[in-house]
Amino acid sequence: MKIYISLLLLLIVSNLSFSQESIFHNKRSNTLLDFKVITDYYERVNNQDGSDSGVNIYASTNGYLVLIESGEKTRKIADEKLSWLNMIFKSVNITQKASDLFEHEVLINTDDGKYWLPIQKQLYGFWEKEMKLNKQALIFIRAFGSTDDEKENRFLFTINSFSGNFYDGLWEEAIKSYDVKDDVNANNIVKKLIELDPKDGRNYAMYGYHYYDKGYPDNRPLLQKADSLFSIAEKLSPDYSYGHYQRSLVKFQLGEYIKAWEALDKARNLGETNIEGYILERFEAKLPYAEYLKVKK
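Numbering-wise (full-length UniProt numbering), the sequence shown opens with residue 1 and increments by one.
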């Protein structure tokens, strides 16, 4: 999977300047939303602000993850737009100049129509190359402001990284969100993955592990929900070795030690190597493997 990320970090030190109406709107860079949800949100912000200066500044500089299609067009950013971005960067204490970071913008097709978004210089060449191979992409954007220009040019959102392999990109972002306990975003991404490919059992396994984590050590309803999701995962992707290993953990917590060993054996027979030693010790303590083999026969 190819993910292109600019090495230039945008230092955001300002606080929100307006009340947040949704937990989805935050300073993280990977909040998955439809583009129309984002634009509708900022239209409401614009109406609350009531600015007549021709430009609205979003001091929160929220980050989003969006699935888009390439509009297959690029162009140099207009001087006026760069001036607006330079002004906004300065106002929110970003040390770099926008004109040093951005030179081109790309046309994207979204669920809310077409938009021109500036893309960081380091990414532009990769974008042109990747979009010849893949029309769809997963883009990471920051919302800096908007103008009173026509719709395609209205929002001052910038592309700071992207993945031409949008499916694997979503998968990685779901894992990252679970790792930092951002369950709302992670679950939202997994639901999107299931929508994109309902036959990929790995997605149900990831969702199942979420419920295992929530239910550990002894919340049976959540552990049983996890087990049901792993059952779906196993039927859809029987060769997904790590899913069998994860299911063995669920079975163990449910007290089903024979089935826990069965799932673990499936994982090992499929070549799974990420089986932690202390897990084997726990299994052995409850039901020695030699005893399991006798029962199995």
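Note that beta-carbon positions come from the ideal geometry of N, C-alpha and C, so glycine has one too.
Predicted model only: the values in this text are computed from it and were never measured.
Whose C-alpha, out of Gly277, Glu281, Tyr240 and Tyr278, is nearest the C-alpha of Ala263?
Residue 263 sits at position 263 when you count from the first residue of the sequence shown. Measuring from the Cα of Ala263, the nearest candidate turns out to be Tyr240.
Considering only residues of the same chain and omitting the five flanking positions on each side of Asp111, which have a CB-CB separation below 7 Å?
For the purposes of this step, residue 111 is taken as the residue at position 111 of the sequence shown. Correct list, in chain order: Asp34, Phe35 and Lys36.
What residues in its chain sit with their C-beta under 8 Å from that of Tyr292, if we drop five residues either side in the sequence?
Position 292 of the sequence shown, counting from 1, holds the residue named residue 292. Closer than 8 Å at Cβ, skipping near neighbours: Tyr257, Ile258 and Trp261.
Start and end of the alpha helix (DSSP H) containing Ile194?
To locate residue 194, count along the sequence shown from 1; it is residue 194. Here the alpha helix (DSSP H) through Ile194 covers Asp183 to Leu196.
Mapping the DSSP letters down to three states, classify Leu156 as helix, strand or coil.
Position 156 of the sequence shown, counting from 1, holds the residue named residue 156. In this structure, Leu156 counts as strand in the three-state DSSP scheme.
Looking at the unbroken alpha helix (DSSP H) that takes in Gln136, where does it start and where does it end?
Along the sequence shown, read from residue 1 onward, the residue named residue 136 stands at position 136. No alpha helix (DSSP H) holds Gln136; the beta strand (DSSP E) holding it covers Gln136 to Thr147.
Which two residues bound the contiguous beta strand (DSSP E) that contains Glu105?
Position 105 of the sequence shown, counted from the start, is the residue given in the question as residue 105. Here the beta strand (DSSP E) through Glu105 covers Phe102 to Thr110.
Use the C-beta contact count for Asn47: other C-beta atoms within 10 angstroms, 16 or more gives buried, fewer gives exposed.
Here residue 47 refers to the residue found at position 47 of the sequence shown. Under this definition Asn47 is an exposed residue.
Pro238 to Ile88 span [Cα, whole Å]:
Within the sequence shown, residue 238 is the residue found at index 238, counting from 1. Within the sequence shown, residue 88 is the residue found at index 88, counting from 1. Near 52 Å, if we compare the C-alpha coordinates of Ile88 and Pro238.
Minimum Cβ-Cβ distance from Asn109 to chain C less than 8 Å:
The chain inventory of the structure shown lacks chain C, comprising one protein chain alone.
Close-in-space but distant-in-sequence residues of the same chain around Val190 (CB under 7 Å, 5 per side omitted):
Residue numbering aside, residue 190 sits at position 190 when the sequence shown is read from its first letter. Only Ala174, Asn203, Met206 and Tyr207 meet the Cβ criterion.
Meets three-Cβ-pair contact criterion under 8 Å: the stretch 64-84 and the stretch 133-153:
yes
Output needed for Arg282: all residues of its chain with C-beta closer than 8 Å, excluding positions within five of it in sequence on either side, in chain order.
By 1-based counting over the sequence shown, the position of residue 282 is 282. Once the five neighbours on either side are set aside, the close Cβ partners of Arg282 are Phe252.
Segment limits, alpha helix (DSSP H) that includes Pro221:
The sequence position of residue 221 within the sequence shown is 221, counting from 1. Element bounds for Pro221: Arg220 to Leu236.
Name the one or two DSSP bridge partners that Pro118 has.
Start at 1 with the first residue of the sequence shown, and residue 118 comes out as number 118. BP columns for Pro118 point to Glu105.
Mind checking whether Ala233 and Gly201 have CB atoms under 8 Å apart?
Position 233 of the sequence shown holds residue 233. Position 201 of the sequence shown holds residue 201. Contact: yes.
Identity of the residues DSSP links to Gly113 by a beta bridge:
For the purposes of this step, residue 113 is identified with residue 113 of the sequence shown, where counting begins at 1. The partner list for Gly113 (beta bridge, DSSP) reads Thr110.
Option nearest Lys235 by Cα separation, candidates Asn219, Tyr167 and Lys199
Taking the first residue of the sequence shown as 1, we reach residue 235 at position 235. Ranking the options by Cα distance to Lys235, first place goes to Lys199.
Compute the Euclidean distance between the alpha carbons of Tyr278 and Trp84, then round it to the nearest angstrom.
To locate residue 278, count along the sequence shown from 1; it is residue 278. To locate residue 84, count along the sequence shown from 1; it is residue 84. Approximately 57 Å between the Cα atoms of the pair.
Going by DSSP in three states, Val92 sits in which element: helix, strand or coil?
For this step, residue 92 is matched to residue 92 along the sequence shown. Three-state DSSP puts Val92 in coil, outside helix and strand.
Pairwise C-alpha distance: Asn56 and Gln20:
In the sequence shown, counting from the first residue as 1, residue 20 sits at position 20. In the sequence shown, counting from the first residue as 1, residue 56 sits at position 56. Reliability fails at Gln20, whose pLDDT of 30 lies under 50, so the model's placement of it is uncertain and the value that follows must be treated cautiously. Distance between the alpha carbons of Gln20 and Asn56 is about 16 Å.
Does DSSP put Tyr240 in a helix, in a strand, or in coil?
As a working note, residue 240 is residue 240 in the sequence shown. Correct three-state label for Tyr240: coil.
Going by DSSP in three states, Lys73 sits in which element: helix, strand or coil?
On the sequence shown, residue 73 is found 73 positions in, with the first residue counted as 1. Strand, per DSSP.
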